[in-house]
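Numbered according to full-length UniProt numbering, the sequence shown spans residues 1 to 112.
C-beta atoms are modelled at their ideal positions from N, C-alpha and C, and glycine is treated no differently.
For reference, the structure discussed in these notes is given below.
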Amino acid sequence: MSWRGGGAGGRGASVRSRPAGWARRAATASAGSGNLDAPASNGARGRRVVIFVIGGITRSELRVAHLMSAKLGRDVVLGSNVVDTPKSYLSRLAALSGNPDHLALEMSNAHM
C-alpha cells in the first residue's frame, strides 16, 4: 500500500496534507448529558482523560479509573509517582502525624 493514492476513496492526497480529524468533537445525543451510566459513542473514543496524582495512588483508585473508562467510553490514563500497597498506605498515613506511634496500627503479613 502506498502513502499516496492508496487510501480509501482514492483521493491521492498525502497524509501530511490532510487535516487531522482526531481533535474534532463528535456531535452525539449523549454529549454533555452527564449520564455516566451509558457509555459514550465511539465518536468520543479518541479523547483521553489523563490524571497524574502526586503523592501516591492505591489499587482501588486504579480500579475506579478502569470503571470510569468503560462508563465514559474514553481512555482514562492514571499515573502517579508511587502505587501504594495497603501496608505502605497505612505507614505513610501514620507518618503524617509526625509521631508514628500516635496511631497504634497492628498489621499482620497474613492479610497482605
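Unbroken alpha helix (DSSP H) run spanning residue i, endpoints
i   : result
V82 : Element bounds for V82: n/a, residue is neither H nor E.
R74 : No alpha helix (DSSP H) holds R74; DSSP gives it neither H nor E.
Other residues of its chain near residue i: CB distance less than 6 angstroms, five sequence neighbours each side excluded
i   : result
S33 : Only weak support is given to the placement of S33: the predicted model assigns it a pLDDT of 48, under 50, and the value that follows is read from those uncertain coordinates. Cβ neighbours of S33 beyond the five flanking positions: none.
Proximity winner among the options, relative to residue i (alpha-carbon distances)
i   : options            : result
R48 : R59, R63, A70      : A70
V82 : G56, V50, F52      : G56
I51 : D84, A95, R63, S80 : S80
Spatial neighbours of residue i in its chain, beta-carbon cut-off 7 angstroms, leaving aside the 5 residues before and after
i   : result
M68 : V76
Segment limits, beta strand (DSSP E) that includes residue i
i   : result
R48 : 48 to 53
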